[in-house]
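Report on the following structure.
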């Protein structure tokens with residue numbers, strides 16, 4: 029790939045991620061004219077003035093999709109008799125793979141500051157396929173790939189837009205976690221035997237495979253119900269937040285994943301945490317607000333995800349080496365930090381561009397990835413918080 033082509037690809041990747049993460053709307057939501065139905069609110073601030081609490085989230089819309097409302101084979105498999113606890117847990121995790129229409133709702137529900145004014149809620153949408161990257165007795169890895177088509181003002185459908193989205197890795201009875209501290213810093217923490225027993229860690233990675241957060245929790249299964257509840261952990265600000273505000277440095281809270289007959293959900297409960305320069309909670313005002321979030325993954329039928337399959341086939345080998353870089357770093361280092369951007373180039377843009385390059389060998393690929401990430405990653409002892 030020549031330099032011009034790579035620059036074009038990088039630009040497209042940047043636009044794609046920004047569109048999906050910060051600006052897209054749902055198929056049946058939004059007010060683009062007086063004739064369209066109104067946005068649906070997650071909760072409401074009943075006495076908010078005028079329309080100041082309308083959800084933010086952009087202006088795009090997509091074609092209608094066909095939902096698959098039947099009970100999935102994966103969900104039915106969760107109800108099978110005679111499974112041991114670990115295998116039932118694994119089936120619940122694997123049930124998250126598949127094709128989905130996704131929706132994301134977030135709203136501040138409680139404010140803790142004097143004169144508090146709630147921020148506008150956030151709503152977004154997408155269509156994505158979740159691939160099984162690894163399926164081992166004690167480990168499962170799932171990669172999300174967004175494939176979206178947009179409708180213009182005349183109703184014409186765009187070509188597929190593909191974005192490698194987030195990844196989730198699940199480890200059974202993990203011995204340790206790398207806990208997010210704040211401002212890109214992570215520290216290794218050992219888990220005691222009691223907290224490990226029967227538990228699964230979920231590690232969430234960004235679109236560029238850099239770590240986001242790691243949480244510990246247990247699956248609960250009853251007739252027709254399977255859910256995983258995490259512990260409370262710090263998490264970095266998502267794009268929907270850091271792109272519009274800088275008055276706090278971390279989210280602190282938990283989330284619950286529930287497997288449903290036709291998909292799955294993720295509920296989030298988080299405090300907006302202000303940190304000092306040493307990543308300790310601010311002594312004067314540690315928390316600004318509480319936020320509730322609900323992400324829905326509803327299975328779809330006959331949606332064309334072929335562009336995502338092609339992208340993953342063409343770049344999967346590259347991204348496996350990026351994962352290898354972070355896996356090696358996790359094993360070797362007890363503390364590290366990284367920045368989102370270096371010398372004006374965001375990490376995700378640099379890696380997305382490199383994913384389209386040709387390499388003569390795996391060793392060449394590893395050297396290129398290591399050299400690139402050296403500008404973003406710092407290995408050094410960090411002040412504990």
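In our numbering, the protein residues as written are 29 to 413. C-beta atoms are modelled at their ideal positions from N, C-alpha and C, and glycine is treated no differently.
Alpha carbon of residue i to alpha carbon of residue j, nearest angstrom
i           : j           : result
residue 293 : residue 286 : 5 Å
residue 138 : residue 343 : 43 Å
residue 235 : residue 266 : 12 Å
residue 51  : residue 150 : Confidence is the limiting factor: at residue 51 the pLDDT is only 38, short of 50, which leaves the residue's position unreliable and the question unanswerable from this model.
residue 212 : residue 108 : 42 Å
residue 323 : residue 302 : 25 Å
residue 216 : residue 328 : 39 Å
residue 153 : residue 398 : 34 Å
residue 124 : residue 281 : 22 Å
residue 260 : residue 189 : 35 Å
residue 183 : residue 175 : 18 Å
residue 414 : residue 105 : No answer is possible for residue 414: it lies beyond the span of the chain, which begins at 29 and ends at 413.
residue 295 : residue 355 : 28 Å
residue 197 : residue 254 : 18 Å
residue 126 : residue 115 : 19 Å
residue 341 : residue 312 : 51 Å
residue 278 : residue 353 : 25 Å
residue 375 : residue 113 : 39 Å
residue 300 : residue 93  : 35 Å
residue 75  : residue 81  : 10 Å
residue 49  : residue 408 : For residue 49, the predicted model reports a pLDDT of 41, less than 50, meaning its position is unreliable; a value from the coordinates is still stated below. One C-alpha to the other measures close to 31 Å.
residue 410 : residue 358 : Here residue 410 scores only 49 on pLDDT, less than 50, and its place in the model is too uncertain to base an answer on.
residue 393 : residue 191 : 21 Å
residue 130 : residue 163 : 24 Å
residue 372 : residue 233 : 22 Å
residue 345 : residue 252 : 38 Å
residue 308 : residue 270 : 19 Å
residue 43  : residue 177 : Low per-residue confidence applies at residue 43: pLDDT is 43, beneath 50, and the placement is therefore not dependable, though the value from the model is reported in the following sentence. Approximately 14 Å, taken between the alpha carbons.
residue 276 : residue 144 : 14 Å
residue 386 : residue 140 : 52 Å
residue 121 : residue 330 : 23 Å
residue 348 : residue 73  : 45 Å
residue 321 : residue 388 : 45 Å
Identity of the residues DSSP links to residue i by a beta bridge
i           : result
residue 208 : 214
residue 172 : 158
residue 279 : 263, 300
residue 313 : Answer is none; residue 313 lacks a bridge partner.
residue 254 : 249, 287
residue 223 : DSSP lists no partner for residue 223.
residue 393 : In the DSSP output, where bridge partners are listed per residue, residue 393 has none listed.
residue 149 : DSSP, once it has assigned bridges, lists no residue as partnering residue 149.
residue 328 : 95
residue 167 : 164, 199
residue 321 : 134, 296
Whole-Å CB distance - residue i paired with residue j, under 8 Å assumed
i           : j           : result
residue 367 : residue 404 : 5 Å
residue 237 : residue 195 : 7 Å
residue 91  : residue 156 : Incorrect: roughly 15 Å between the Cβ atoms, too far for contact.
residue 159 : residue 325 : Actually they are not in contact, since the Cβ atoms of residue 159 and residue 325 sit about 14 Å apart, beyond 8 Å.
residue 179 : residue 203 : Contact doesn't hold; Cβ gap of about 49 Å is too wide.
residue 96  : residue 290 : 6 Å
residue 284 : residue 257 : 5 Å
residue 396 : residue 382 : 6 Å
residue 206 : residue 242 : 6 Å
residue 339 : residue 135 : About 33 Å separates the two Cβ atoms, so there is no contact after all.
*Would you mind listing the beta strand (DSSP E) stretches within the stretch 227-251 that are 3+ residues and don't spill past its ends, in chain order?*
228-233, 239-250
*Could you pull out every unbroken alpha helix (DSSP H) segment of at least 4 residues lying fully inside the stretch 340-368, listed in chain order?*
none
*Pairing CB atoms from the stretch 352-363 with CB atoms from the stretch 314-329, are three or more of them under 8 Å?*
no
*Using 8 Å as the threshold, is the stretch 221-229 in touch with the stretch 246-263, meaning 3 or more CB pairs across them?*
yes
_Using 8 Å as the cut-off, can you tell me whether the stretch 95-111 makes contact with the stretch 162-170, which would need three or more C-beta pairs spanning the two stretches below that distance?_
no
*Only counting runs of 3 or more residues, tell me where the beta strand (DSSP E) segments fall wholly within the stretch 90-145, in order along the chain.*
Within the stretch 90-145, the runs of beta strand (DSSP E) at least 3 residues long that lie entirely inside it are, in chain order, 126-139.
*Given 8 Å, three or more beta-carbon pairs between the stretch 140-148 and the stretch 328-342*: no
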